[in-house]
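The structure appears below as structure tokens.
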Amino acid sequence: MLVLEDVHVYYGAIHALKGISLQVNQGEIVTLIGSNGAGKSTSLKTISGLLRPKQGKISFNGEDLSKIPPQKIVAKGISQVPEGRRIFANMTVSENLDMGAYLRKDKSGIKQDVERVFELFPRLKERKSQVAGTLSGGEQQMLAMGRALMSRPQLLLLDEPSMGLAPILVKQIFTIIQEINAQGTTILLVEQNAHMALSIANRAYVLETGKIALGGQAQDLAASEDVRKAYLGG
């Protein structure tokens, strides 16, 4: 479904991604783990079209994405939940969800998807008329995920969904990620909580200073002594 081949990305003179290659197959949860500054968020921004690779190729369902603008990448079926949520703070919950469906014209389908989001996140239904900036951190994360789902993505990119959340909410968010995947959405997850990410993923890649250091089945990486020492605190 998604293939990155030898992708190099620069921020000015800084070589942020140094030839990464990875693959996400339809129906999978794939996670990218690594320390701060390893290039995880840069990878997602490059897939979304917010950054351009200087070298290499990104293809989605066989089509080269490297020169396509971000809004057209969304229309092709890729949606991103950005790090830090980036909800529209002055709009209500319902208005934020409407913004997620901005590129769509099918009113009945949009209505169905709002109901689907409310089934996944009942808390949002209770707060649908509330201004989004007044929601708790966990509720804002739910809203950011719900908004991304409103474009009916084939592939959902999640950037640090557990950041800043209490452990009980982290567990809840990860359960919902599995539910979204079970309903047919493929997921590429960037996450600092490597333990949680590896526990729900099919496959994983370890990023170190802009390079893929390891890749394989998530359970194998979770059992690897090197990965445990570096990322799982043991």
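Numbering of the sequence shown is given in our numbering, commencing with residue 854 and proceeding in unit increments.
Quick reminder that beta carbons are idealized off the backbone N, C-alpha and C, glycines included.
These figures come from a predicted structure and were not determined experimentally.
Ser896 and Gly880 have their C-alpha atoms roughly 20 Å apart. Between Lys893 and Leu1060, the gap from beta carbon to beta carbon is short of 8 Å.
The continuous beta strand (DSSP E) containing Val934 extends over residues 931-934. For Tyr1084, the secondary structure class from DSSP, reduced to helix, strand or coil, is helix.
Close CB contacts of Val856 within its chain, under the 7 Å cut and outside five residues either way in sequence, are with Gln876, Ser912 (chain order).
Between Pro906 and the set Ala1066, Gln933, Val934, Ile873, the nearest pair of CA atoms involves Ile873. In the structure shown, the three-state DSSP call for Ile911 is strand.
Taking Asn1055 as the centre and dropping the five residues before and after it, the same chain places the C-beta of Glu881, Ile882, Val883, Gln1070, Ala1071 closer than 8 Å to its C-beta, in chain order.
Cα atoms of His861 and Leu1074: separation of roughly 25 Å, rounded to the nearest angstrom.
Leaving aside the five residues that flank Ser1015 on each side, the residues in its chain whose CB is nearer than 7 Å to its CB run, in chain order, Val1023, Ile1026, Glu1044, Asn1046, Met1049. In the three-state reduction of the DSSP assignment, Gly1069 falls in the strand class. Closest in C-alpha terms to Phe974, from the list Ser932, Val934, Lys1064, Glu992, comes Glu992. One alpha carbon belongs to Asn1034, the other to Pro1006, and they sit about 11 Å apart. Ala1057 is bridged by DSSP to Thr884, Gly1069. The beta carbon of Phe971 sits closer than 7 Å to those of Leu977, Lys978, all from its chain and outside the five residues before and after it, given in chain order. Ile873 sits in a strand when the DSSP states are folded into three classes. Taking the CA atoms as reference points, Ala1076 sits about 27 Å from Leu870. Under the DSSP assignment, Asp1012 falls in the beta strand (DSSP E) whose first and last residues are 1008-1012. Going by beta carbons, Asn949 and Leu1002 fall outside the 8 Å limit. DSSP, read as helix, strand or coil, puts Leu855 in strand.
About 6 Å separates the CB atoms of Gln983 and Val946; that is less than 8 Å, so the two are in contact. Annotated three-state conformation of Asp917 is strand, per DSSP. For the beta strand (DSSP E) assignment, the uninterrupted runs of no fewer than 3 residues enclosed by the stretch 933-1019 are, from N- to C-terminal side, 1008-1012. Minimum Cα-Cα distance from Arg969 among the listed residues Gly990, Ser888, Glu1032 corresponds to Glu1032.
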